[in-house]
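Participant: Residues in the sequence shown are numbered consecutively from 706, following our numbering. Handing you this structure, nothing more for now.
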Amino acid sequence: MVYLAFAGQLLLLLKHLYPAHPTEVKAFVSQPITEEALVGIQQWAGEDKNGFTPEFARFPELFAGQEHLDKMALLTYFNELASEWFGVEVKQFSRNSALWECCYSVYQEWYLGDELYRKSEGVDVRMPGKVGFLQQEIPIAAPERMGETLKRLKEKGITVGIGTGRTFEETAVPLKELGLFGLFDESHIATASDVIAAEEAHPEKAPLGKPEPYTYIKALLGASASIEACLDCALPLAEGAEILIVGDSVADFLAARKMGCAFAATLTGLTGQAARAKFEQLGADYILDDVTELMKVFT
């Protein structure tokens, strides 16, 4: 989301500059969009850049007529738009591009904070003094109620793992802060770190993030399972009816269905209670206000 939001504003800025600087704009979009290239706009755009103000409300209009695009097509669509606007072939707006890496790095710096960013990324911060949004997360349900639910599930002999689009560090830190991390089976925790490793090992299989089921398959098979074993796992799972996937997004639901697993939707996503109708339409097996209602499923 950060990448798309920033890339959209960057394109609008370039469109603003194009009439006065066509040669520079074409050269800019024809090369990797690095941090140095972004800083360089200040030099070649001069005072003309001051006439531009970011307009985030214009973001949806960039995708007018493109409602059919799926996730991966969204990430590369700006190549088409830039090519149309500036009359040159553009390939710089895509997953794993220099621009993507720049957006990822800046986001991580603010999200993780100085200490964790230096530890996880191995480089110094651009702007010191940040605690990190990760340290200031607000739980979506009372931690003590979540803890009680997890303990009761464990007492029933149910293995509780995690399949998340966050990295391991981003998963562990808030759960440890809330005193909940130890209530999960650590050998059945799969994160974005696992997905990235699999995509790097088998780029021909990418993307592997949700709604692809790799994250949940890795969590199910466990930490000792190889990337290849997870990729080769036959779907739908023969034992799928014995596995419950809990999530708050349609992507979670689609991954569960590909695996042949039951799905419990929690109404704690971006749209809150308004998501109930969508999950009812999709046919989710269970719809819960939050994870603390899971015991209703197992009683």
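Positions of the beta carbon are idealized from the N, C-alpha and C atoms, including for glycine. Predicted model only: the values in this text are computed from it and were never measured.
Which stretch, first to last residue, makes up the alpha helix (DSSP H) that contains I932?
Facilitator: Run containing I932: I932 to L936, per the alpha helix (DSSP H) assignment.
Participant: Can you find the residues in the same chain that come closer than 6 Å, C-beta to C-beta, to A960, ignoring five residues on each side of it along the sequence?
Facilitator: Correct list, in chain order: K915, P916, P918 and Y921.
Participant: Round the Cβ separation of G756 and H721 to the nearest angstrom and send it over; I've been treating them as touching at under 8 Å.
Facilitator: Confirmed, Cβ separation roughly 7 Å.
Participant: Over the uninterrupted beta strand (DSSP E) stretch that includes L949, give me the two end residues.
Facilitator: L949 to G952 is the extent of the beta strand (DSSP E) around L949.
Participant: Out of A803, V830, N801 and C807, state which residue places its alpha-carbon closest to the alpha-carbon of E814.
Facilitator: With distances taken between Cα atoms, E814 lies closest to V830.
Participant: State the start and end residues of the unbroken alpha helix (DSSP H) segment that holds T781.
Facilitator: Its alpha helix (DSSP H) spans residues K776 to F791.
Participant: Check the C-beta distance from Y816 over to L780 and give it rounded, since I have them as a contact under 8 Å.
Facilitator: Wrong, their Cβ atoms sit about 20 Å apart, outside the cutoff.
Participant: Taking the alpha-carbon positions, what's the E944 to K910 distance?
Facilitator: The straight-line gap from Cα to Cα measures roughly 25 Å.
Participant: Less than 7 Å separating the beta-carbons of D990 and A956?
Facilitator: Not in contact: D990 and A956 (Cβ atoms no closer than 7 Å).
Participant: Looking at F768: is its Cβ nearer than 7 Å to the Cβ of N784?
Facilitator: No, these two residues do not count as a Cβ contact at 7 Å.
Participant: Cβ of L804 within 6 Å of any heavy atom in the ligand ZN?
Facilitator: Among the components modelled here there is no ligand, and therefore nothing to report on the ligand ZN.
Participant: Does chain C have any CB closer than 7 Å to the CB of G745?
Facilitator: The structure shown contains no chain C; it is built from a single protein chain.
Participant: Please state the DSSP three-state secondary structure of F873.
Facilitator: It is helical.
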